[in-house]
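Worksheet: one structure, shown below.
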Amino acid sequence: MAGGRIPDSFIHDLLSRTDIVEVVGSRVELKRAGREFKGLSPFTNEKSPSFFVNPAKQMFFDFSSGKNGTAITFLMENDRLSFVEAVEELAKRAGVEVPREGGNEGPRLVLDGPLDALAVAEKFYRSQLKTHPPAIDYLKQRGLDGDTAKLFNIGFAPESWDALTRLFPETDGQRQHALDAGLLIERDGGGAYDRFRNRVMFPIRDTRGRTIGFGGRTLANDPAKYLNSPETPLFHKGRNLFGLFEAKQSTKAELPYLLVVEGYMDVVMLAQHGIRNAVATLGTATTREHLTLLFKSTRRAVFCFDGDRAGRSAAWRALEQALPEVFDDRECRFMFLPDGHDPDSLVQEIGADAFRALIDKAQPLSDFLLDELLKQVNLANREGRARLPGLARPHLDKLRDGALRTLIVDRLLTLTRMQRDDLEAALAAAGKAAPTTTDSGGERGRRVETPGSKPVRIALQLLLEAPALAARAEHLGQIAMLNQPGLDILLDTIEFFSENPEAHAAQWLEMNRGSARGAALTRISAMPLPITGDLGAEFTDCLSLLRKRAVRERQQALLDLARDRELAPAEQAELMALMAERTG
9 MAGGRIPDSF
19 IHDLLSRTDI
29 VEVVGSRVEL
39 KRAGREFKGL
49 SPFTNEKSPS
59 FFVNPAKQMF
69 FDFSSGKNGT
79 AITFLMENDR
89 LSFVEAVEEL
99 AKRAGVEVPR
109 EGGNEGPRLV
119 LDGPLDALAV
129 AEKFYRSQLK
139 THPPAIDYLK
149 QRGLDGDTAK
159 LFNIGFAPES
169 WDALTRLFPE
179 TDGQRQHALD
189 AGLLIERDGG
199 GAYDRFRNRV
209 MFPIRDTRGR
219 TIGFGGRTLA
229 NDPAKYLNSP
239 ETPLFHKGRN
249 LFGLFEAKQS
259 TKAELPYLLV
269 VEGYMDVVML
279 AQHGIRNAVA
289 TLGTATTREH
299 LTLLFKSTRR
309 AVFCFDGDRA
319 GRSAAWRALE
329 QALPEVFDDR
339 ECRFMFLPDG
349 HDPDSLVQEI
359 GADAFRALID
369 KAQPLSDFLL
379 DELLKQVNLA
389 NREGRARLPG
399 LARPHLDKLR
409 DGALRTLIVD
419 RLLTLTRMQR
429 DDLEAALAAA
439 GKAAPTTTDS
449 GGERGRRVET
459 PGSKPVRIAL
469 QLLLEAPALA
479 ARAEHLGQIA
489 MLNQPGLDIL
499 LDTIEFFSEN
509 PEAHAAQWLE
519 MNRGSARGAA
529 LTRISAMPLP
539 ITGDLGAEFT
549 DCLSLLRKRA
559 VRERQQALLD
569 LARDRELAPA
579 EQAELMALMA
589 ERTG
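Residues in the sequence shown are numbered from 9 upward in steps of one, following my numbering.
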């Protein structure tokens, strides 16, 4: 057995190839029961069936023993296998090899074919840039010089349907490798064509410097200004950062910080101005996997966002992901840009030194957290101060015990004017578990504790049952501003299924294995749906209710501010818009 860690991307792909009904059915006698299959528990000596397998979720639920999970979990429990052994068993059934990251990798990895195809494509795109003046002119107009373009291996995909396809003949599996890498798209009637056409190409590299995907910026009037490689076994937007390899190559020492921006050109232009430690998320919100990558290379992450409401909403979501990851000497800060600027335009206008000065002034996580919470209360009265511990408690719960949590609690003492014992009591009261709910679902009915409010829980249940509902989600930026338990889990679940439209619940749960979030998702997935009608309409109603709460909460926060001071013009306009929305 080869050493090294099994990549998460491989496990995600393996579960998509696995039918849990077949896996369980080879060990347990199953009979169809509506949309599910049922049988006797293999873990207890029960006489009546309470063991269910859900093919839509690709999960099993055993209400006799309390065990539930994915096909991997079932093999671990039933066959008494380790996690690695269970993965290898499923891989053998699927006819694929198990790749390893690092360690003694042994034989050639199954993913090397797509990696080779990506290397060929990168070389091809670089060569094409030299012979296409419009692409060169575009980069020059953006202020980019040749040395920086070479540093990031920027290239060009010509305006052709088969320029790249011709490099991959169908013999020896070469074309299939290019298809697996997301470089080509298969035609319905056979054959393939180039995914990227008439675009400036930015290679996306992993931490080992291997090209695993591309981002392409159109030179035409394409409505999709930027196009990323699709999700593949090699490339996942939520687990990779553009520019991280280049940032790490800029110094032999640990990076003093990493600046997290949103665009390819932001990273590239900052590097050209000597700020080599910038990385970009790939068209997706910050994830826990992003934080893991960041803190492997630095002790400080500085998130850079637009200063408007959308930017602050994105920053808030990044904060929620960061809270469990900020401990010991790890640090997160938040930097907001002047109106009308992104990092690319701002560094060209004010220069590197002034831009670094703005980075140095970035807001600490604790200040950003409390400032956002203070917008929802009026500290001038007792009721407002009394609300603050309840608002802060869900976020404090995500922090590990340590200096940062202590500092935030000390600041709360000052803001609320409470004695420490009274504050601790208020925090404890706010943190009491939500009442359990009882579902009368016949043989599957049981008492379950669930995080979050009813619309959050029901929306999560619906998503885990029918992931395609994620495509219906709207107004997420507005909903994200709501202070609601469990909301971060819901938004991340929507994002995952939006980015992975073919995924099922088991893959999302496996990605969260071993965490409190994973346990909550597993509990929710085990609950019977309280809805029997139109799932889509119910899902939309849940999001609509959450949006109304967000609008009401933000309006109240602005009204509270108006009692203390005159609102700024932008705040007045926002308040008028919110009031019109509620009465419209």
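Cβ coordinates follow ideal geometry from the N, Cα and C atoms, glycine included.
Count the other CB atoms, across all protein chains shown, that sit within 10 Å of the CB of residue i; report buried if there are 16 or more and exposed otherwise.
i: THR240; result: buried
i: GLY47; result: buried
i: GLY111; result: Per-residue confidence for GLY111 stands at a pLDDT of 48, beneath the threshold of 50, marking its modelled position as unreliable; the derived number appears in the next sentence. Exposed.
i: ARG455; result: For ARG455, the pLDDT reaches just 31, beneath the cut-off of 50, and the residue's location in the model is therefore unreliable, leaving the point undetermined.
i: ASN53; result: exposed
i: ALA94; result: buried
i: LEU468; result: buried
i: THR259; result: exposed
i: LEU219; result: A small fix is needed here, since residue 219 is Thr in this sequence, not Leu. Under this definition THR219 is a buried residue.
i: PRO15; result: buried
i: THR26; result: buried
i: PRO57; result: buried
i: THR78; result: buried
i: GLU194; result: exposed
i: PRO577; result: exposed
i: PRO346; result: exposed
i: ILE28; result: buried
i: ASP202; result: buried
i: GLU357; result: exposed
i: GLU574; result: exposed
Using a threshold of 8 Å, state whether the C-beta atoms of residue i and residue j are closer than that.
i: LEU290; j: PHE250; result: yes
i: LEU266; j: ALA279; result: no
i: ALA293; j: ASP274; result: no
i: ARG307; j: ARG341; result: no
i: ALA157; j: HIS281; result: no
i: PHE4; j: VAL31; result: Since the first and last residues shown for the chain are 9 and 592, residue 4 lies out of range.
i: ALA438; j: PRO397; result: yes
i: VAL106; j: GLU96; result: yes
i: LEU327; j: LEU381; result: no
i: VAL355; j: PHE344; result: no
i: PRO351; j: VAL269; result: yes
i: THR215; j: LEU252; result: yes
i: GLY246; j: HIS185; result: no
i: PHE51; j: PHE60; result: no
i: LEU551; j: ALA481; result: yes
i: SER506; j: ALA478; result: yes
i: GLU262; j: PHE303; result: no
i: ALA143; j: LEU38; result: no
i: LEU566; j: LEU554; result: no
Which residue's Cα is closest to the Cα of residue i: the options?
i: VAL559; options: ASN491, ALA286, ARG307; result: ASN491
i: GLY224; options: GLU85, TYR234, GLU44; result: TYR234
i: GLY271; options: GLU85, SER353, PRO346, LYS369; result: SER353
i: LEU242; options: ASP230, ALA94, LEU83, PHE222; result: PHE222
i: ALA400; options: LEU421, ARG390, ALA411; result: LEU421
i: GLN66; options: SER533, ALA479, ARG317; result: SER533
i: ARG205; options: ILE220, ALA588, ASP230; result: ASP230
i: ARG174; options: THR306, ALA360, ALA125, GLU582; result: ALA125
i: HIS424; options: LYS556, PRO264, ARG390, ALA411; result: The sequence shown places Thr at residue 424, not His. If we check each option's Cα against that of THR424, ARG390 comes out closest.
i: ALA309; options: LEU301, GLY315, ASP316; result: LEU301
i: PHE313; options: ILE367, LEU553, VAL334, ARG296; result: ILE367
i: ALA7; options: GLY217, VAL128, GLN371; result: The requested residue 7 does not occur in the structure, where the chain is confined to residues 9 to 592.
i: ILE497; options: GLU482, GLY181, TRP516, ARG480; result: TRP516
i: GLY163; options: ILE416, PHE45, TYR146; result: TYR146
i: ILE416; options: VAL36, LEU378, LEU575; result: LEU378
i: ARG585; options: THR530, GLN563, GLU574; result: The question names Arg, but residue 585 is Ala in the sequence shown. Of THR530, GLN563, GLU574, the residue nearest in Cα terms is GLN563.
i: PRO536; options: ALA318, PRO346, LEU470; result: LEU470
i: HIS512; options: LEU89, ALA476, PRO142; result: ALA476
i: ASN76; options: ASN386, SER49, LYS55, SER90; result: SER49
i: LYS148; options: GLU582, THR501, ARG284, MET277; result: MET277
- Item | Every unbroken alpha helix (DSSP H) inside the region 126-198 [4 residues or more] | The alpha helix (DSSP H) runs lying completely inside the region 126-198 and spanning 4 residues or more are 141-149, 154-159, 182-188, given in chain order.
- Message: What ranges does the alpha helix (DSSP H) occupy inside the region 464-515, keeping only unbroken runs of at least 4 residues that lie completely in it?
- Response: For the region 464-515, the continuous alpha helix (DSSP H) assignments of 4+ residues that do not extend past its boundaries occur at 484-487, 495-507, in sequence order.
- Message: So, does the region 93-111 touch the region 21-29, judging by three or more C-beta pairs under 8 Å?
- Response: A contact exists between the region 93-111 and the region 21-29.
- Should the region 121-135 be regarded as contacting the region 205-219, the criterion being three or more beta carbon pairs within less than 8 Å? yes
- Task: Kindly confirm or deny that the region 405-412 and the region 422-430 touch, where touching means at least three C-beta pairs closer than 8 Å.
- Result: no
- Message: In chain order, what are the residue ranges of uninterrupted alpha helix (DSSP H) at least 4 long that sit wholly in the region 218-291?
- Response: 252-257, 272-280
- Counting only runs that start and end within the region 315-351, where is the beta strand (DSSP E) found for 3 or more residues in a row? Taken in chain order, the complete beta strand (DSSP E) segments of 3 or more residues contained in the region 315-351 are 339-345.
- Any beta strand (DSSP E) of 3 or more consecutive residues that is wholly inside the region 31-93: Counting whole runs of 3 or more residues, the region 31-93 contains the beta strand (DSSP E) stretches 39-41, 44-47, 59-62, 67-70.
- Message: With three or more beta-carbon pairs closer than 8 Å as the criterion, would you say the region 476-488 touches the region 545-565?
- Response: With a cut-off of 8 Å on Cβ pairs, the region 476-488 is in contact with the region 545-565, counting three or more such pairs.
- Any chance you could list the alpha helix (DSSP H) runs of at least 4 consecutive residues sitting entirely within the region 549-592, in chain order? 577-591
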